[in-house]
Each structure stands twice: as C-alpha cells, then as structure tokens.
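K.L.:
In the numbering used here, the protein residues as written are 426 to 812.
We treat Cβ as the ideally placed atom computed from N, Cα and C, and that holds for glycine.
Computed from a predicted structure; not experimentally measured.
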Amino acid sequence: MSRLLDRLQGEIHALDAQSLRRRRQIAETACAPEQVLTLAGAAAPRTMLGFSSNDYLGFAAHPALAKAWAEGAALYGTGSGGSHLILGHSRAHAQLEERLAEWMAPFIPEAQSLFFCTGYMANLAVLSALGGAEAVIFSEALNHASLIDGARLAKARVERYPHCDVAALDAQLAACDAPVKLIVSDAVFSMDGHIAPVAELLALAERHDAWLVIDDAHGFGVLGANGRGVLEAMDLRSERLVLIGTLGKAAGVSGAFVAAHRTVVDYLVQRARPYIFTTAAPPAVAHALLASLALIEGEEGVERRSRLRERIAQLRRGLTAVLPTDGSAWLPESPTAIQPLIVGDNARASGCAMVRIALSASHGEADVARLVDALGDALAQPWKEAA
Ligand SMILES: Cc1ncc(COP(=O)(O)O)c(C=O)c1O
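1) Quick one: is Glu657 buried, meaning 16 or more other Cβ sit within 10 Å of its Cβ, or exposed?
2) Based on the DSSP output, what are the partners of Met779 in its beta bridges?
3) I need the DSSP call for Leu720, collapsed to helix, strand or coil.
4) Using a Cβ-based criterion (distance less than 7 Å to any ligand heavy atom), does Ala621 qualify as near ligand 1?
5) Just checking, does the stretch 664 to 677 make contact with the stretch 715 to 729 on the three C-beta pairs under 8 Å criterion?
6) CB-CB under 7 Å to Pro587, same chain, minus the five flanking residues each way: which ones, in chain order?
7) Can you tell me whether Ser571 sits near ligand 1, meaning its C-beta is under 7 Å from at least one heavy atom of the ligand?
8) Quick one: what does DSSP say Arg729 is sitting in, helix, strand or coil?
9) Put Thr472 into one of helix, strand or coil per three-state DSSP.
10) As an exercise, report each continuous alpha helix (DSSP H) stretch of at least 4 residues that is fully enclosed by the stretch 491 to 562, in chain order.
11) Does ligand 1 have even one heavy atom less than 7 Å from the beta-carbon of Asp640?
12) Give me whichever residues DSSP pairs with Leu607 in a beta bridge.
13) Nearest CA to the CA of Phe541: which residue from Val710, Lys606, Glu459 and Ser478?
14) With a CB to CB cut of under 7 Å and the five nearest residues on each side skipped, what residues in its chain are close to His514?
15) Quick one: what does DSSP say Arg736 is sitting in, helix, strand or coil?
16) Could you tell me the alpha carbon to alpha carbon distance between Ala812 and Leu804, rounded to whole angstroms?
17) Would you mind reading off the limits of the beta strand (DSSP E) that contains Ile669?
18) Identify the residues that DSSP records as bridge partners of Arg582: which are they?
19) In the DSSP assignment, find the alpha helix (DSSP H) that holds Thr688 and state where it starts and stops.
20) Quick one: what's Thr463 bridged to in DSSP?
21) So, is Leu430 buried or exposed, given that buried needs 16 or more other C-beta atoms within 10 angstroms?
22) If the criterion is Cβ atoms closer than 8 Å, does the pair Gln764 and Ile782 meet it?
23) Under a three-way DSSP split, which group does Arg745 fall into?
24) Alpha carbon to alpha carbon, how far is Ser478 from Gly673?
25) With distances taken Cα to Cα, identify the nearest neighbour of Thr671 among Leu744, Ile573, Leu539 and Ala442.
26) Take every Cβ of the stretch 595 to 612, pair it with every Cβ of the stretch 570 to 584, and state whether three or more of those distances are shorter than 8 Å.
27) Determine the burial state of Met616: buried for a count of at least 16 other Cβ atoms within 10 Å of its Cβ, exposed for fewer.
28) For ligand 1, I want to know if Thr761 counts as a neighbour, meaning its beta carbon is within less than 7 Å of at least one of the ligand's heavy atoms.
29) Beta carbon of Gly618: closer than 7 Å to some heavy atom of ligand 1?
30) Who are the Cβ neighbours of Glu522 in its own chain at under 8 Å, not counting the five residues just before and after it?
31) Can you tell me whether Ala681 is helix, strand or coil according to DSSP?
32) Please check the pair Tyr385 and Ala786, which I expect to be a contact at CB under 8 Å, by giving their CB distance rounded to whole angstroms.
33) Can you find a heavy atom of ligand 1 that lies under 7 Å from the Cβ of Asp611?
34) So which of Thr503, Arg585, Ser505 and Leu525 has the shortest CA-CA distance to Glu668?
35) For a test of your reading of the model: does the CB of Thr671 fall under 7 Å from any non-hydrogen atom of ligand 1? Yes or no.
36) Which residues does DSSP list as the beta-bridge partners of Val613?
The following block contains the structure:
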C-alpha cells in the first residue's frame, strides 16, 4: 500500500476507536418525520422517526414546491447552462433576487440580494471578497465551518472572539485600526441552537466603524413574524449589515442568498469567485424558491412557525422532567428548533458528547412524546450498557 493510503487508513481506524467515525445512511423516501432509511451496513431499510433534519417548517416535501419545481423545469429546462455571468442567470433567478431584496429592504437600506448554489459558497464568497488584505475579520468562536473556511480563504487577518462575548469583542475592535473591520457570526448557532446577541453586535459595528456579517442559516423562515429571520425578529436596521440566508433548510429547497447594500452586492458580482466560477443552480430551483417564499410569508408559514414553537416547548418541558438528577446530562438554553442535549460520552451520543435534536413543524405531539420517552429510557441506563 502507498504511504498516503496507510495514513488515511490509520486516521479512519483512529476515528473508529473513538466512536467518531461518520457513516451515511440512505434515505429511501422524502424528508419527513417518519422516513424509510437504510442505515450503514444494514441489509434492509427501516421506517424511522427522525429528529435531525433542517426542514424546520416541513416544506422539503411540500406538494406546492414539487409542482413549482416541475413548472420551473418545463419553463427553463433542467440545467442553467452556464455561470451567472455568462448565460446561466435566468428570469427565475432574477425574480428570486428581486423578491428577496424586497424581503430584506425593511432591515437593510438600499438592499439587493444575490442568489448562490449553497450557503457554504455564499459564506466563502462574502468573506473572501470583502476580507481583503486591508481588512480584519472578527470571527465568533462557534461560527459554522463555512464561515471559518471563508475567513481562511480571505487575505484579511482573522481574530477570533469568545462565544457571545460582546465586551471582549468591543475591546478587540477598539484596539484595531484597520480600515475595514468585519464582525462575523452565526445568528442561530448551528450546534446548540442559541441565538447570537445580534443587536449588540450591530451596535458595536456602528460604534467602531465595522460591518456585521450575519449567517442566518437556521433563522431564515423560522424567526420573525413573517419568517424573514433574525433581523425581523430583533427589529434591526442598518446599512452595515450583510445577511446570508440559506434556502435548503426552512425554505425546503436549496441554495442561499446574500442581502446587503446594493454596492456590496454589485461588488460581489464582480469579485466573489464562488459566485463567478461555478454553474448557476437550475432555474427550476429558483422558481420553486419563489413558491417557498410565498408559503413562508403566507398563512401556512405562520401556522407552521407556531406549531414549531409548540413542539420546542413540549420537548424542553418533557426532557427537563426526565433528566437524571445526578447532573450527568443537561439541556442548555435554546429557544430555537435546534435543541442540544449534553450527555458527556462519545459512544452514547454516536460521535460527540452532544445529542443535537432538530425539531420540525411537521413533527406531531405524539412524535415528540416518543422521543422524550426514548431519551428518558436511554438516560436511565448505566453508561456501559448503552455503549
Ligand atoms: C450556520 C450555517 N451556515 C451555512 C451552512 C451551509 O449552508 P448550505 O447547506 O446551504 O451549504 C450551514 C449548514 O449547512 C449552517 O449550519
């Protein structure tokens, strides 16, 4: 065997030994609470009740979106045919960007939006394009991997600030005399679900002549009366905001957008390599997303957000009642669909010491009750039996 294969094999064995090896399961049916899955190594598929999707509003298999997708494919074909700057930018993409700009106009003066194939690419694009050599990026310690990778790709110096520590960030900004300062944070932290102090971060941006880049991947569609995300929920408005929303989670389709002052968006079109050097997503995706935005802001969206809030409250009540009294497991504060249960043993949590529970409006009351019962039973087992 070559040395490279030896090294790769060694790392995989080491992951196995720590119960940290990731394995994929195959979804045989559409995303839904009850889904038919073939687990890694299993001979046959099983129907399972799932709590790990990002389909917070239950739109991923919504018939109206499947219909819009098919309509989009009939109108524009299946492939975009090129990158946005060559000929891949369809009428559907343009309409989606206009609609998203209207959605964000109350929060960002002169807002425009730019559609990306994925949130990962949107984050790489924003940070690599805006974080030039003269800039400093202030990156929240628990930021998503895509923001970390975006900061790595940027020429800017990167300073991490401690998780949600506004005072520490204030001091770091005060000590920095770079002409461009970018504060970068998840809005809803993707692992533990709690919400960043976005209003305080924005106040710091205003005070220190900095900009605030907010990744609202887990807030868009879910937070705010109309589902417009964290800026709506907190009633914030500033021209110093750059917002990234993803469209493959609550919106139930795929892709992402950046909303910012039109000059920022113009600049991204000129300079953001992950925007320029890739084939545009199929126009049918954008066409389906227009239907998704209508669902999010319509009655169905309002009703699903309210149902999701009920499930979150039910889960937290239920789990609090079954947590062991010896403190060996606990449920940190989280007001969102992402609920972290800390158990402190890798094998028991299948790969990390946190069981990350993701709720959806499509979960019924009985589904959440089943989960609480199952977790209550598991938590009552001695460690070695569970491992
Ligand atoms: C906070 C955050 N940002 C960005 C992304 C990437 O978005 P996408 O899945 O659209 O690439 C994710 C998850 O996937 C995320 O959790």
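P.N.:
In short:
1) buried
2) Ile767
3) helix
4) no
5) yes
6) Ala566 and Ala593
7) yes
8) helix
9) strand
10) 516 to 529 and 544 to 555
11) yes
12) Ile562 and Trp636
13) Val710
14) Ala705
15) helix
16) Since pLDDT at Ala812 reaches only 42, below the 50 mark, its modelled position is unreliable, and the value read off the structure follows with that caveat. The alpha-carbon atoms of Ala812 and Leu804 are separated by roughly 12 Å.
17) Leu666 to Thr671
18) Val561
19) Arg687 to Arg696
20) Ile451
21) exposed
22) yes
23) In the sequence on display, residue 745 carries Thr and not Arg. Thr745 falls in the helix class under three-state DSSP.
24) 11 Å
25) Leu539
26) yes
27) exposed
28) no
29) no
30) Gln537, Ser538, Leu539, Phe540 and Phe682
31) strand
32) The question about residue 385 has no answer here: the residues shown for the chain are numbered 426 through 812.
33) yes
34) One detail in the question is off: residue 668 reads as Leu in this sequence, not Glu. Taking only the C-alpha atoms, the option nearest Leu668 is Leu525.
35) yes
36) Ile620
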